[in-house]
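Numbering (our numbering), first residue to last: 1 to 150.
The following block contains the structure:
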């Protein structure tokens, strides 16, 4: 470390400050990384395995929560059996498209603005059509329910 003595005071030069900052960063990094498997929290001592376990658990719980919400929304208007049939009757392409739209909405603020703007526009369009939109939606859901029964 470089020390400069000026007027009776010891001052640390610029190189010394950089050295101190580097040492603090290194100490913080060492403290953040566990040195022994016992220090690592999780079911496995392997951090990658713990990450996989967490990923599977989060994705599974998200799917279950989504299905419960969909059933709840449909269950308030339809019989439980018909609601299940409607959900089973969705095509694979519809599921992929809905997933892609959700990913765009979650990935960035502009994506969220575009997706929410599109959903608001569709809602306003359906409201302007009134009864015709209700009938079109009922026909579409009835078709999905018929596909889900098969």
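Glycine included, C-beta positions come from ideal geometry on N, C-alpha and C.
Here the structure is a predicted model, which means the values were calculated and not measured.
Range covered by the alpha helix (DSSP H) that runs through residue i
{"i": "residue 125", "result": "109-129"}
{"i": "residue 91", "result": "No alpha helix (DSSP H) contains residue 91, which DSSP labels as neither H nor E."}
{"i": "residue 47", "result": "47-75"}
Own chain residues within Cβ distance below 6 Å of residue i, not counting five before or after
{"i": "residue 126", "result": "133"}
{"i": "residue 61", "result": "none"}
{"i": "residue 105", "result": "111, 112 and 115"}
Rounded Cβ spacing between residue i and residue j (contact assumed at less than 8 Å)
{"i": "residue 67", "j": "residue 144", "result": "So it is not a contact: roughly 15 Å between Cβ atoms."}
{"i": "residue 115", "j": "residue 97", "result": "Not confirmed; about 12 Å, so no contact."}
7 Å Cβ shell around residue i - same chain, five flanking residues per side excluded
{"i": "residue 46", "result": "none"}
{"i": "residue 42", "result": "50"}
{"i": "residue 70", "result": "87"}
Sequence-distant residues of the same chain with beta carbon closer than 8 Å to residue i, five excluded per side
{"i": "residue 120", "result": "none"}
Item to check | Touch test, the region 139-149 against the region 72-86, Cβ-Cβ under 8 Å, three pairs minimum | outcome: A contact exists between the region 139-149 and the region 72-86.
Item to check | Inter-stretch contact (C-beta, 8 Å, three-pair minimum) for the region 44-57 and the region 103-119 | outcome: Segments in contact, no.
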